[in-house]
Each structure stands twice: as structure tokens, then as C-alpha cells.
Amino acid sequence: MDRITKALAQYAESINYDKIPSDVVHEVKRRILDSLAVAFAAYNAEPVALARRALSRGQSQWGARILGTRYRVVPDWAAFVDGVMIRYHDFNDTYLSKEPLHPSDMIAAAFSLGDMLGSGGKAVITSIAVGYEAAVSLCDAASLRKRGWDHVNYLGVGSTLVAAKLLGLDAEKTQHALAIYAVPHAAMRQTRAGELSMWKGAAAANATRNAVFAALLAAEGFTGPFKPFEGEMGFIRQLLSGEFDYGPLAEIERLVPPHRILDTYIKPYPVEYHAQTAVEAALRLRERVRPEEIEKVVVETFQAAYDIIGPKDPEKWDPHTKETADHSIMWITAAALLYGPITVDSYENIRDPQILSLMKRMEVKVDPELDKMYPKAHPNRITVITKGGARHTEQVDYAKGHPKNPLSDRELEEKFYANTRRVLPSGIQREVVEFVWHLEDKNMAELHDLLAQ
Numbered sequence: 001m002d003r004i005t006k007a008l009a010q011y012a013e014s015i016n017y018d019k020i021p022s023d024v025v026h027e028v029k030r031r032i033l034d035s036l037a038v039a040f041a042a043y044n045a046e047p048v049a050l051a052r053r054a055l056s057r058g059q060s061q062w063g064a065r066i067l068g069t070r071y072r073v074v075p076d077w078a079a080f081v082d083g084v085m086i087r088y089h090d091f092n093d094t095y096l097s098k099e100p101l102h103p104s105d106m107i108a109a110a111f112s113l114g115d116m117l118g119s120g121g122k123a124v125i126t127s128i129a130v131g132y133e134a135a136v137s138l139c140d141a142a143s144l145r146k147r148g149w150d151h152v153n154y155l156g157v158g159s160t161l162v163a164a165k166l167l168g169l170d171a172e173k174t175q176h177a178l179a180i181y182a183v184p185h186a187a188m189r190q191t192r193a194g195e196l197s198m199w200k201g202a203a204a205a206n207a208t209r210n211a212v213f214a215a216l217l218a219a220e221g222f223t224g225p226f227k228p229f230e231g232e233m234g235f236i237r238q239l240l241s242g243e244f245d246y247g248p249l250a251e252i253e254r255l256v257p258p259h260r261i262l263d264t265y266i267k268p269y270p271v272e273y274h275a276q277t278a279v280e281a282a283l284r285l286r287e288r289v290r291p292e293e294i295e296k297v298v299v300e301t302f303q304a305a306y307d308i309i310g311p312k313d314p315e316k317w318d319p320h321t322k323e324t325a326d327h328s329i330m331w332i333t334a335a336a337l338l339y340g341p342i343t344v345d346s347y348e349n350i351r352d353p354q355i356l357s358l359m360k361r362m363e364v365k366v367d368p369e370l371d372k373m374y375p376k377a378h379p380n381r382i383t384v385i386t387k388g389g390a391r392h393t394e395q396v397d398y399a400k401g402h403p404k405n406p407l408s409d410r411e412l413e414e415k416f417y418a419n420t421r422r423v424l425p426s427g428i429q430r431e432v433v434e435f436v437w438h439l440e441d442k443n444m445a446e447l448h449d450l451l452a453q
């Protein structure tokens, strides 16, 4: 196998719970709680219901339970539905570098395999910490997005390590699992271009599904393609045009204990991450300017935000789907100025005439000084010009939930309670929170028992 495959597999084999720093253990618990919060917020969403209905037809005595249900399906299917739940509201955690990522998408693999295997909490925590380390480091190494490929290709690598770790694969079998995942499953960036569909929230889930499937095959001795990353027709040449910086993998090669999860960010609002600071700037302006006074809005941002959620796609100016609206900095800013904090309920009326009208009075442009701050900061500057000619400006560089502006445990619990209240009874909510904070002493199957009541 090649250098990357070998490094990742040896890392996964070598790291155990005792090597994980206490702050990383705690952060993994926070991401599990956050993932449950956003997953159950989406429990009754149409794409989740469709996926759950389709895959429930394959019920079996062997397998994993889909979150919140009692029936079992094969574990890669369960990982897919769990992943759609986690990702649907665009409300789970984020990392931004050469490539953006929602690393907690891979927790779906831990939910499904952890249930099927009856994995202990320490094993689950270890697998997630290892998965984050790999996926986040790959984001620092090269950009998939600039070449038309989707970030979920890195996510699936992390998910493969989560699955391999829970299955107890040695380094050799983990290398084969990585190869079986990496070569056949290249995902295109077209998922996030133009009018966005239900697949926007399912692409990462599919990468995790493929990862679980790959690990299950490798566990039985199935072998994967030779040199999946560095081969003449492998990942680096095909998806990255031959460009890859090995520097970000140095700590993995030295077997440094996992810590990269601490560099990622929890979301306070269900919007694409580049717009988090736009929401906060809009909320500050809303305290100073009444909506009916607004004549024009100017949004100054950085290049990545402009390209991903800005005015390039005409559909972002006139969204017809929830998936397009939560990836439109124009829609998000207008909604926050008019109605306040963005919540999952904000998308119940995508075609709100007041939002669409305000968007028509909006200008979005790249500010070179803001662009220089990215990706260490994610600044947005919003200026509101009133009908009387007054100008009001707010700039936010670090959204709540960023490592430089962290979300407290209490605030994270509040996010969980607010987003699961329509699905989970209050008593179950409290039990889940307590369970997650003491996960190292628990069993993942017990969590599914609790959620299926």
C-alpha cells in the first residue's frame, strides 16, 4: 500500500483510549450530544422519512437500529439514515481549511456499528477521535472543492477509520478498508451547485455508508485496490490533480495522540458555516434598525463564502428548496434581519415575500482584507443603509461555537433540548444528556435502547 494508507491504518491501530487527552474525550462527548441534537431535530424531515421508509423494508434480525427506532437493518444502511438525520439541517459541526468539512457526519458510523457490536463508550470515543484526526488533517493537505470534487471524499476516509476501529481491524485490514472506500466512491461537487436537492444532506451519509460497507468487507479478508491514494490512477492524481501536502499528516505518522477535534467548530445556527457570522452581524444590526427602515443591504465577505453561498448561482437569489436557502448568504442575512435568530423553523416558508423582497435590495461582494483573514477567521461585514440615508455596519469574525468563541456545555445542552423537544419526551432528554456525559462507562446499544422508548 502507499504512504497515506499505511500512515492512517497504523495510526488507527496504535491509538487506544488511554492515549486520548481528557479535553479531547470531553469534546467527543460534546460532538455526540450535538449530533443527537441535530439528528432528532430532523427526525420527521421529508428526506429522513423517505430514507427511513426505503431502508426499513430490509429489516433483519442482524444489524443496527436506525436512531429512534426499534427495528434493525444492515449497519451501512443504518449509518446512511443516521447520517441524513445528522446532516439535514446543516446544523452539525464544521472545519474550514483548504477543504471544508462537517466532521461529525462520521459519527453516524459510530452510532450504527456501535449498536450492532454493543461497543463500549471508550471504544466509541476512541474511534471518533481517530476519525476526526484523519479527516481534518486531510482538509489541510489539499482542496477537493477547487477541482470539482466534494468534501465528503475526505469525510469517508475518517468514517472508514471509525468503522475499522470499532470492528477491531488490524493495520493490514484497515489499509484494505481504506482502499475499498477510496477508489470506487468519488463524490462530485455538483451536489452543491445550482438548485440544491435532498442529496445535499445525504452525500456525507452516503460516504459514511460506503465506509462502513468497506470496513465490513475488509473485516472478512476482502482486499482493496493497490495504492489507492498514490497510485498512477489513484485519489491524489484523479481528484487532486497530483497536488498534496504531506505536512498535515506528520503528526499522524508520529502517532501523536488525537487532538484535531479541538480545532473544529459547533454551529449555533442551522446555516452553512460561512454564514454564521453574517447571522450574528445581522442580529446586532436588527437591534439598531427596524426592518421597515431598510433601503439597502451590503454584505462584504471572503472569497470562499462568495463562491459557496454567494451570488454566483442564480438559484441562491431565488431559492425554492430548504437546501438552497440554507446555502444562500442573501436569504440567510435577509431572514435574520427581518425575523431574528435562524432556527430550524425558519425554513418553513422559504418563499416568504418579505425575505425575497429584501434580497432584491442586497449587494454581495468580496473584501480583500476579509479574505486575508480566512480560514483562521470567517468574517462577514454587513452594512444596512436606511431610507433616511443612515449607514449602520457590523462585522463579526468568529461565530459562537468557534474555538476562539466557544459554546459552553450549558449552551450545548440548551441546543440539544431546543432541537429535540418535539421528538423526545423531557425525561428522555435529560437521561440522554446524562448518558452522554458519562459515555465512557456506558454501552452504545444502551443509548439506542434509550432513544427507542
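Each residue of the sequence shown is one higher than the one before, starting from 1 at the first, in UniProt numbering. The beta-carbon is built from N, C-alpha and C at its ideal position, and this holds for glycine as well. The structure presented is a predicted model; accordingly, all values stated were derived computationally and were not measured.
| query | result |
| --- | --- |
| Secondary structure, alpha helix (DSSP H): runs of 4+ residues fully inside the region 285 to 310 | 303 to 309 |
| Where residue 457 falls: helix, strand or coil (DSSP) | Any answer about residue 457 is impossible in this case: the structure gives the chain only from 1 up to 453. |
| At least 3 beta-carbon pairs within less than 8 Å: the region 222 to 241 vs the region 1 to 8 | yes |
| Beta bridge counterpart(s) of H402 as assigned by DSSP | N405 |
| Which listed residue (A418, L412, H378 and R422) has its alpha carbon closest to that of K29 | L412 |
| Every unbroken alpha helix (DSSP H) within the region 112 to 144, with a cutoff of 4 residues, ordered by chain | 121 to 141 |
| Alpha-carbon spacing of D441 relative to G68, whole angstroms | 22 Å |
| Own chain partners of A193 with C-beta closer than 7 Å, once the 5 adjacent residues on each side are dropped | D313 |
| Minimum Cβ-Cβ distance from H438 to chain D less than 8 Å | The structure shown contains no chain D; it is built from a single protein chain. |
| Spatial distance of L338 from L216 (CA atoms) | 49 Å |
| Uninterrupted alpha helix (DSSP H) stretches inside the region 7 to 65 (no shorter than 4 residues) | 22 to 41 and 46 to 56 |
| Element boundaries [alpha helix (DSSP H), containing H327] | Segment: none, H327 is in no alpha helix (DSSP H) and carries neither H nor E. |
| Proximity below 8 Å, CB of A204 to CB of V130 | no |
| Contact set for I355: own chain, Cβ-Cβ below 7 Å, skip 5 residues either direction | W331, A334, A335 and L338 |
| For Q453, three-class secondary structure by DSSP | coil |
| Where the beta strand (DSSP E) through T386 begins and ends | N380 to T386 |
| A179 beta carbon less than 8 Å from that of P228 | yes |
| Straight-line Cα distance separating D245 from A141 | 5 Å |
| Residue nearest to P268 in terms of C-alpha spacing, selected from K165, A278 and M198 | A278 |
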